[in-house]
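**Q** Submitted below is the structure of interest, expressed as structure tokens.
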Amino acid sequence: MASGVAVALAGGGAAAYGLADRGAAGDSAGSDDSVGVPVQLRGILPEKYVALIALDIGRPHGALRELVKQVRVAAEPDTSVGFALGAKLFGPEKSIPRRLKAMPHFTGDLLDPAMAHGDVLAHVASDKAAAIQKTVERLRNTTSPHWTIRWHINGSRPANRVEDGRGLARNPFHFTEGFGNPGTDRESLSRALISADQNEPQWAVGGSYQVVRIIRFATDLWDKDSVREQERIIGRRRDGGWLDGTPADEQPNFAADPTGRLTPLDSHVRLAAPDRRTPPPIVRRSYSYDRGNGDTGIIFSCFQRDLTQGFEAAQKRLEGEPLAKYLLTTGGGYFFVPPHGNKWIDTFS
Ligand code: HEM
1 MASGVAVALA GGGAAAYGLA DRGAAGDSAG SDDSVGVPVQ LRGILPEKYV
51 ALIALDIGRP HGALRELVKQ VRVAAEPDTS VGFALGAKLF GPEKSIPRRL
101 KAMPHFTGDL LDPAMAHGDV LAHVASDKAA AIQKTVERLR NTTSPHWTIR
151 WHINGSRPAN RVEDGRGLAR NPFHFTEGFG NPGTDRESLS RALISADQNE
201 PQWAVGGSYQ VVRIIRFATD LWDKDSVREQ ERIIGRRRDG GWLDGTPADE
251 QPNFAADPTG RLTPLDSHVR LAAPDRRTPP PIVRRSYSYD RGNGDTGIIF
301 SCFQRDLTQG FEAAQKRLEG EPLAKYLLTT GGGYFFVPPH GNKWIDTFS
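Each residue of the sequence shown is one higher than the one before, counting from 1 in UniProt numbering.
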């Protein structure tokens, strides 16, 4: 095991989950520590920087253990490392999480296979950009007969902060994101983590389905629109306030605006969450990316206990929304975040 590799919890995150008293013990390839929430979902506020690295394994048997170990060895101190599994990893003899499949093609997608899917998704996060960069470099220089890097993308969360119990960040469209997420960690985890009554394989209980969508923005086009036009497309003000004057952290009165005079019926938020009492059962933790040459956008990432009721239901409602004309989804995938600990690795060894 990578005994020298410190894999720290984000301090605030640990405290937010009441885990601080257990210390900031990290994952290790050889131990199964007691902090129960998967790394990707810890804390209210995601770390400021992330690298998502999708890897392919020829044969999972044994190779998965090796891969996990090598990623952890490559990881700098001050990073947290989590893993998620793609559908292809599961041979017929393994009990696959019921909803896991390759991410389908949605209307308007232009998926580049070289930037989509993968057997394993390593999630390396840190509040220090340099730690991410060094980890990725080290991993790129690691050779293995067992695995190859399929794709990789770096993300960041500008103006990363917590307000009223929600993790917020600014996206490249100049809007603040995160208000629609749950305001408590209990609610976040109940939306994201699979429970024992879901008829999922026993080993998958406590895990989560993760959807990653690499969504490129037509920033030039967007920036030509007035702020008012942009706000009507999103359905919120840039700072999160509602278009009917309701403060960002309260619920708007859509019932009083049935024709969409104040907040258009086809705005992003009205389509994404039409029923304010029953919000979409997903937890969004997205990052912005900038790959140069105007290739900027969002690494949309959300977690849920059920893919159909979670991401897929919201995505379906958003099909054809006015925002779509500024977006191009070029990559990503569906993955399964195993429950915290190392027991899942044994399933494949
Ligand atoms: C790049 C594309 C996207 C952009 C720029 C974007 C932007 C935003 C913004 C600014 C908000 C309002 C603030 C907030 O609640 O976080 C929001 C809310 C939301 N978005 Fe998106 N979003 C994008 C893609 C998606 C996708 C793909 C989904 C799911 C399929 C989604 C689902 C939601 C949901 C559920 C809300 C919360 C609505 C509420 O509770 O009021 N978004 N988004």
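Virtual Cβ for every residue (Gly too), placed ideally from N, Cα, C.
Between glutamate 177 and the rest of its own chain, which residues show a CB-CB distance below 8 angstroms, the 5 nearest in sequence each way excluded?
**A** The count along the sequence shown starts at 1 and reaches residue 177 at position 177. Around glutamate 177: Leu168, Ala169, Arg170, Asn171, Arg284 and Ser286.
**Q** What's the gap between the Cα of glycine 292 and the Cα of arginine 216?
**A** Here residue 292 is taken as the residue at index 292 of the sequence shown, counted from 1. Here residue 216 is taken as the residue at index 216 of the sequence shown, counted from 1. Rounded to whole angstroms, the separation of the alpha carbons of arginine 216 and glycine 292 is 12 angstroms.
**Q** Please report the straight-line C-alpha distance between aspartate 346 and valine 227, rounded to a whole angstrom.
**A** Numbered from 1 along the sequence shown, position 346 holds the residue referred to as residue 346. Numbered from 1 along the sequence shown, position 227 holds the residue referred to as residue 227. Those two C-alpha atoms are separated by around 52 angstroms.
**Q** For the candidate residues Ala159, Leu45 and Arg166, whose alpha-carbon lies nearest to that of histidine 174?
**A** Along the sequence shown, one-based indexing puts residue 174 at 174. Among Ala159, Leu45 and Arg166, the Cα nearest to that of histidine 174 is on Ala159.
**Q** Is phenylalanine 348 buried or exposed, if buried means 16 or more other CB atoms sit within 10 Å of its CB?
**A** For this step, residue 348 is matched to residue 348 along the sequence shown. Buried: at least 16 other Cβ atoms inside 10 Å.
**Q** If you measure from the CB of histidine 268, is any heavy atom of the ligand HEM nearer than 7 angstroms?
**A** Taking the sequence shown and counting its residues from 1, one reaches residue 268 at position 268. Yes - the ligand HEM has a heavy atom lying nearer than 7 angstroms to the Cβ of histidine 268.
**Q** Per DSSP, which residues does serine 208 bridge with? Please list them.
**A** Position 208 of the sequence shown, counted from the first residue, corresponds to residue 208. BP columns for serine 208 point to Val337.
**Q** What are the start and end residues of each continuous beta strand (DSSP E) run of 3 or more residues lying completely inside the region 221-245, in chain order?
**A** Correct list: empty.
**Q** Can you tell which of Trp242, Arg237 and Thr219 has the C-alpha that lies nearest to the C-alpha of threonine 296?
**A** On the sequence shown, position 296 is the one that residue 296 refers to. That would be Thr219, whose Cα lies nearest to the Cα of threonine 296.
**Q** In chain order, what residues of the same chain have a beta carbon less than 7 angstroms from the beta carbon of aspartate 109, not counting five sequence neighbours either side?
**A** What you label residue 109 is simply residue 109 of the sequence shown in a count that begins at 1. Only Thr329 meet the Cβ criterion.
**Q** Taking the alpha-carbon of leucine 262 as reference, which of Arg276, Ala273, Gly245 and Arg277 has the nearest alpha-carbon?
**A** By one-based count along the sequence shown, residue 262 stands at place 262. Considering only alpha carbons, the answer is Gly245.
**Q** By a C-beta neighbour count over all protein chains shown, 10 Å radius and 16 as the cutoff for buried, is serine 95 buried or exposed?
**A** As a first step, residue 95 is located in the sequence shown; it is residue number 95 there, counting from the start. Classification of serine 95: exposed, given that the 10 Å Cβ count is below 16.
**Q** Taking the Cβ atom as the reference point for each residue, do proline 338 and phenylalanine 90 lie within a distance shorter than 8 angstroms?
**A** Along the sequence shown, read from residue 1 onward, the residue named residue 338 stands at position 338. Along the sequence shown, read from residue 1 onward, the residue named residue 90 stands at position 90. Not in contact: proline 338 and phenylalanine 90 (Cβ atoms no closer than 8 angstroms).
**Q** State the DSSP-derived secondary structure class of histidine 268, mapped to helix, strand or coil.
**A** By one-based count along the sequence shown, residue 268 stands at place 268. Helix.
**Q** Indicate whether the contact test is met: 3 or more Cβ pairs, each with one atom in the region 131-147 and one in the region 36-56, closer than 8 angstroms.
**A** yes
**Q** Near proline 182, what residues of its chain come up, given a Cβ to Cβ distance below 7 angstroms and the 5 sequence neighbours on each side ignored?
**A** Position 182 of the sequence shown holds residue 182. For proline 182, where only same-chain residues beyond five positions count, the Cβ hits under 7 angstroms are Ser188, Arg191 and Val283.
**Q** Here's the rule: buried if 16 or more other CB atoms are within 10 angstroms of the residue's CB, otherwise exposed. What is arginine 186?
**A** Translated into positions along the sequence shown, residue 186 becomes position 186. Exposed.
**Q** Touching or not, the region 260-280 and the region 230-242, by the rule of three or more beta carbon pairs under 8 angstroms?
**A** yes
**Q** For a cutoff of 8 angstroms on Cβ pairs, would you count glycine 36 as touching chain C?
**A** Looking at the structure shown, chain C is missing, and only one protein chain is on hand.
**Q** Please list the segments of the beta strand (DSSP E) lying wholly inside the UniProt domain "Dyp-type peroxidase N-terminal" (81-155), counting only runs of 3 or more residues, in order along the chain.
**A** 120-126
**Q** Are residue 363 and alanine 114 close, meaning C-beta to C-beta below 8 angstroms?
**A** What the structure shows of the chain is the stretch from 1 to 349, and residue 363 is not part of that stretch, so it cannot be assessed.
**Q** Rounded to a whole number of angstroms, what is the C-alpha to C-alpha distance between phenylalanine 303 and valine 211?
**A** Within the sequence shown, residue 303 is the residue found at index 303, counting from 1. Within the sequence shown, residue 211 is the residue found at index 211, counting from 1. Each residue's alpha carbon lies about 7 angstroms from the other.
**Q** Please state the DSSP three-state secondary structure of alanine 159.
**A** Here residue 159 refers to the residue found at position 159 of the sequence shown. Reduced to three states, the DSSP call for alanine 159 is coil.
**Q** Is the region 313-322 touching the region 60-74, taking contact as three or more C-beta pairs under 8 angstroms?
**A** no
**Q** Using a threshold of 7 angstroms, is the CB atom of leucine 307 nearer than that to any non-hydrogen atom of the ligand HEM?
**A** On the sequence shown, residue 307 is found 307 positions in, with the first residue counted as 1. Not so, every heavy atom of the ligand HEM lies at least 7 angstroms from the Cβ.
**Q** CB of isoleucine 298 to nearest heavy atom of the ligand HEM: below 7 angstroms?
**A** Numbered from its first residue, the sequence shown carries residue 298 at position 298. Yes.
**Q** Let's see if you can read the secondary structure: which residues bound the alpha helix (DSSP H) around arginine 317?
**A** Within the sequence shown, numbered from 1, the residue matching residue 317 stands at position 317. Residues 313-318.
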